[in-house]
Structure formats: structure tokens, C-alpha cells
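For the sequence shown, my numbering gives the first residue as 89, with consecutive numbering after it. Even glycine gets a Cβ: it sits at the ideal position worked out from N, Cα and C. Step one of this worksheet: look at the structure below.
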Amino acid sequence: MEKSFLKHYLREDVQTEISRFCKGRWVAVESSSISGRRVFYRYIDGKPVTIKEPSDLKKLINKLGGMFRTVYGSANIYSKLEDIRDLEDTRNIVKVTPCIDVDGSLSEVDLILKTAEIILEEFWKNGLEKSVYLVWSGRGIHVHVNENAVSGRFWVKDPVKIAHTLIEYVLQKKKEELRELCRRSTASDRRLKIENLIDVQRVFTAPLSLHRELDLVAVTVNPDELSNFSIDWSKIGNFKYWRDWDRFIEGEADKLLEKALSEIKIENITKTVIEDMESEKEDVGGLEVSRQSIGRFQVMALLQAARYYLLFGDLDLAKSFGLNRAIFYAWAKKRGITHRTVKPLPRTSSMKSSREVEVSVGDEVAFRREDGWFTIGGEEQRPVDFDRQIISRFGGRKEFEKYWNAALKYLENFPRSILESQKDFYEKVYLPVRDNPESILKKGAT
Numbered sequence: 089m090e091k092s093f094l095k096h097y098l099r100e101d102v103q104t105e106i107s108r109f110c111k112g113r114w115v116a117v118e119s120s121s122i123s124g125r126r127v128f129y130r131y132i133d134g135k136p137v138t139i140k141e142p143s144d145l146k147k148l149i150n151k152l153g154g155m156f157r158t159v160y161g162s163a164n165i166y167s168k169l170e171d172i173r174d175l176e177d178t179r180n181i182v183k184v185t186p187c188i189d190v191d192g193s194l195s196e197v198d199l200i201l202k203t204a205e206i207i208l209e210e211f212w213k214n215g216l217e218k219s220v221y222l223v224w225s226g227r228g229i230h231v232h233v234n235e236n237a238v239s240g241r242f243w244v245k246d247p248v249k250i251a252h253t254l255i256e257y258v259l260q261k262k263k264e265e266l267r268e269l270c271r272r273s274t275a276s277d278r279r280l281k282i283e284n285l286i287d288v289q290r291v292f293t294a295p296l297s298l299h300r301e302l303d304l305v306a307v308t309v310n311p312d313e314l315s316n317f318s319i320d321w322s323k324i325g326n327f328k329y330w331r332d333w334d335r336f337i338e339g340e341a342d343k344l345l346e347k348a349l350s351e352i353k354i355e356n357i358t359k360t361v362i363e364d365m366e367s368e369k370e371d372v373g374g375l376e377v378s379r380q381s382i383g384r385f386q387v388m389a390l391l392q393a394a395r396y397y398l399l400f401g402d403l404d405l406a407k408s409f410g411l412n413r414a415i416f417y418a419w420a421k422k423r424g425i426t427h428r429t430v431k432p433l434p435r436t437s438s439m440k441s442s443r444e445v446e447v448s449v450g451d452e453v454a455f456r457r458e459d460g461w462f463t464i465g466g467e468e469q470r471p472v473d474f475d476r477q478i479i480s481r482f483g484g485r486k487e488f489e490k491y492w493n494a495a496l497k498y499l500e501n502f503p504r505s506i507l508e509s510q511k512d513f514y515e516k517v518y519l520p521v522r523d524n525p526e527s528i529l530k531k532g533a534t
């Protein structure tokens, strides 16, 4: 860990805020080895990682060798987290933090702030004012609703669906205004995007944690001070944050939730994204291709992207990883390399770059640019490449969404250990459906 990072996490206020947020949540810690490879710690000594008090953060730093980078806490709040089995029993989830993710470019901070403002207006209109807080996540804002603002009677049945429904209602009410802002986004690196990310796998960057790539602090922001926010508030060593972010009024979200439950009927939880639909059309080239043209390459890319998304929750990186793995396995097949012996594509000296790092997805390793996308042979696999090479083959974005949502449901039927195993994922997840893409729709519906 760099000295400035270690100094940051040893601060009393940092330890206090991280532990306040993470109490009751399943924690994930992102670290980096000496080689620069990204590593995620979710279990220690066979138990889920937890942070209940400030001293727990110090223990983790000591346990993991001081290699900290980012701390995440699950959207789910559990009644207990003493054993891996506690994570498998959904009845152990007592509450879920509703959240809207606003993602964009650092060159369009004003647009991100305006988006958050529109979302807040819908909350305020429905009497939800004192139980909302913002977290500048690095390249955007997380708009959180304090889970305690929802009365206990609502949490009795399916807490994940309750949180998802509340957020879905707000996004539907503000969809046109938000989409108009997305149309105004012109950044070349990241276009503005608003998402309902609530699902059983969701994690959030903990308040005052460091961003996983940018040297910025995830600072809490008072909604009343949103218009004054500056990226300078996130500077390591000189950050500014809102200390009362966890304030709430019990039951303040009930009115809004009751409206949501009466108008929004959700059978299966799927991700909702609001972005510039016109730019999406251009991304896939307007191609309309029949389903019969979906081959093994596209199936592999789809499932690998869904795998990454369920494990790490970043859609753009999931697309990059999915295309990366599809290219890699196609390369391996041509050379007669079986999935049992697959190793990262050898790099020549001309391919090597100080900006490339190894990334572990379970026991599988891939290469990625330090501040960019996954790579093969020095070439990046960008999300837009996934859109053009994969989504277009499914007949366009609308048709692809059916397969995407079904793939997520299909993969959720497997234990995490299989998703983290290169061999098991290939044999138990990919092989049964590789020659029959339609079966993904059927399996995803069960």
C-alpha cells in the first residue's frame, strides 16, 4: 500500500465512517499484490469479511499486509454473518439499502450533479427528505436512501425486491428528464448513465473508502449542499465529507414505497439503465440479425460478461471481460488448447505495458489496462466493441436484453464457487447451453 493510502485508512474518521456503513453488511476488500494484480477478499479463515467497529478495519489491514485499496459493503444487511451459509440463506437478509447509481465522466461533473438533483426532487416531492444521502463514488454519484426510513413491516418479505421496486418507481417517474440529460452527454470516455443496480449481489463503495482506480475518496455529500460540490472535496489527505450522512426518520420512505408497490409489479429483478438510446443505436450499427446467427463465440461472451457482472457489478467492465474471454477461448481452440489447460495468452515484449495489470476473476487470470479495459495481444476490448460484435448478433439491444436478463438469472442458480472456477464455469455453465442459445432463456425463467 502506498504511504498516502495507508495513512488515509489509519485516520480515525475514516475508520469510524467505514465501520458505520459496513456494520451488518458483507464486506469485500479490493487489494493489489506486489505485481499489480487486482485481488478481492470476501472471506478470511473461511468466514465472510465483516467490519463492525473501527478496530476491525485495523485488523484487516494487518491481516492482509497493508495492501488495501477499496472497501465495499453489500446492499444487503444481514441478521448475522458468521458463516458462508449465512450468505446463502436469503431469509438472513433483514434490510436492503435502496440506491441509484449515476455514472459519468469527470469532464461532465455538472451533468452528474444535475442528474442527482432531478432524482432528489422526486424523493422530496414524496416526503423523503431527511433520510437520503449522496456518495461521490469517483466517476459519479450514488444516491442512497437510508434503509431505516422504510418501516419494518415492509422488510418482512423479499427485502431485495422492496428496495428494487422503490428505486424503479423513481426512475420511471423521472425517465424522460433523465434521458434528456443523457442526450446532452458527449464525453468520449464515459457517457452519462443512470441505473437501478439493486439485486442480491450488489455492493457499494463504503463512505471514505478510496476509489478502486482513481486517487479519490468516496465522500458523503449532504443533498442540501449538492450545488456546492467540487471534485476537490475528494482529494486524499484534504477531503471534505458530510458527517451526518446516516441520519434518518423512521417511516419517511413509506409513502413513496406504497406508491411504488401499487404501480410497479416486479416478477423478476432485472437491471434498469437510462442512457442515450440514440447513441446506443449507433453502437450496434443498427444491425438486425436473426437469432440463428448466434454462435458459440456470442454465447461465451454473453455468459462471461454476466459472470463478471454478478461477481463485481461493473457493467462496462463486464462487457470488456466477456468479449475478452470469448476472443481468448476462440484463440485457445484454434491451437488445440483445452479449457483444462487454458492460461493467459502469452505476451511478447512488444505487447507488454507498464499500464497493464493482471486481474483475477476467481482462479482465472486476464490482463487489463490499469485505467482502462481488458486486453488481448495489446488490443483493448471496449464496451462499444461488445455492443457491435455481440449485441448486434442477437438482433439488437432490445432482443439482447432478454438474453442478458435470462443469463443473469441462469447464473444466479449456481453457487459462487462455480462462478469463480474457470473449469467449473466452462463445464457446468457454458457447455450445457453453448449450442442452444434459446435454452438460456428457458433456464433463466426457472
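Using a Cβ-Cβ cutoff of less than 7 angstroms, which residues in the same chain neighbour residue i once the five nearest sequence positions on both sides are dropped?
i: V102; result: H96, L296
i: G112; result: I165, Y166
i: S119; result: V127, Y129, L152, M155, F156, R157
i: V197; result: I319
i: D277; result: S193
i: F109; result: G161, A294, P295
Given residue i, which residues of its chain have a CB within under 6 angstroms of its CB, disregarding the five upstream and five downstream residues?
i: N164; result: I181, V184
i: K531; result: Y498
i: L398; result: Q289, L499
i: E370; result: Because the pLDDT of E370 is 38, which lies under 50, any placement of that residue in the model is unreliable, and the number read from its coordinates should be weighed accordingly. There are no such residues.
Under DSSP, the alpha helix (DSSP H) around residue i begins and ends at which residues?
i: R476; result: 471–477
i: E217; result: It is not in any alpha helix (DSSP H) - E217 carries neither H nor E in the DSSP assignment.
i: H252; result: 247–261
i: V387; result: 384–400
i: T274; result: Premise fails: T274 is in no alpha helix (DSSP H) and is neither H nor E.
i: G532; result: 526–532
i: I286; result: Counting along the chain, I286 falls outside any alpha helix (DSSP H), and DSSP gives it neither H nor E.
i: A348; result: 342–351
i: Y514; result: From DSSP, Y514 is part of no alpha helix (DSSP H); its letter is neither H nor E.
i: E105; result: 100–110
i: L507; result: 504–507
i: F93; result: 91–97
Just to confirm the assignment, what range does the beta strand (DSSP E) spanning residue i have?
i: F462; result: 462–464
i: Y498; result: First-last for Y498: 485–500, but that is the alpha helix (DSSP H), not the beta strand (DSSP E).
i: V233; result: 228–233
Could you tell me which residues DSSP puts in a beta bridge with residue i?
i: S78; result: The structure shown does not extend to residue 78, since the chain spans only 89 to 534, so no value can be given for it.
i: G298; result: In the sequence as displayed, the identity of residue 298 is Leu instead of Gly. Note: L298 sits in a beta bridge opposite V305.
i: T178; result: T178 is not bridged to any residue.
i: Y160; result: A116, T293
i: E468; result: T463
i: K323; result: L304
i: F128; result: E118
i: Y166; result: I181
Going by beta carbon distance, what residues of the same chain come within less than 8 angstroms of residue i, once the five residues before and after it are set aside?
i: E468; result: S408, R457, G460, W461, F462
Three or more C-beta pairs closer than 8 angstroms, one from the segment 246–260 and one from the segment 332–339: is that the case here?
As far as the Cβ criterion goes, the segment 246–260 does not touch the segment 332–339, which means the pair count is below three.
Taking contact to mean 3 or more Cβ pairs, one atom from each stretch, closer than 8 angstroms, check whether the segment 165–176 and the segment 304–316 are in contact.
Using a Cβ-Cβ distance cut-off of 8 angstroms, the segment 165–176 and the segment 304–316 are not in contact, since fewer than three pairs of beta carbons, one from each stretch, lie closer than that value.
Could you tell me which whole beta strand (DSSP E) segments of length 3 or greater appear in the segment 131–158?
Here no run is fully enclosed.
Is the segment 400–417 touching the segment 457–476, taking contact as three or more C-beta pairs under 8 angstroms?
Output reads yes: the segment 457–476 touches the segment 400–417.
Beta strand (DSSP E) segments (min. 3 residues) lying fully within the segment 183–226:
With a minimum length of 3 residues, the continuous beta strand (DSSP E) runs that stay inside the segment 183–226 are 187–191, 220–224.
Across the segment 246–253 and the segment 212–229, are there enough close Cβ pairs to call them in contact, namely three or more that are closer than 8 angstroms?
The segment 246–253 vs the segment 212–229: no contact.
Determine contact between the segment 129–136 and the segment 312–322, defined as no fewer than three beta-carbon pairs at a distance below 8 angstroms.
No, they do not touch.
Using a Cβ distance threshold of 8 angstroms, determine whether the segment 190–204 contacts the segment 215–235, with at least three qualifying pairs required.
Judged by Cβ distances under 8 angstroms, the segment 190–204 makes contact with the segment 215–235, as three or more pairs qualify.
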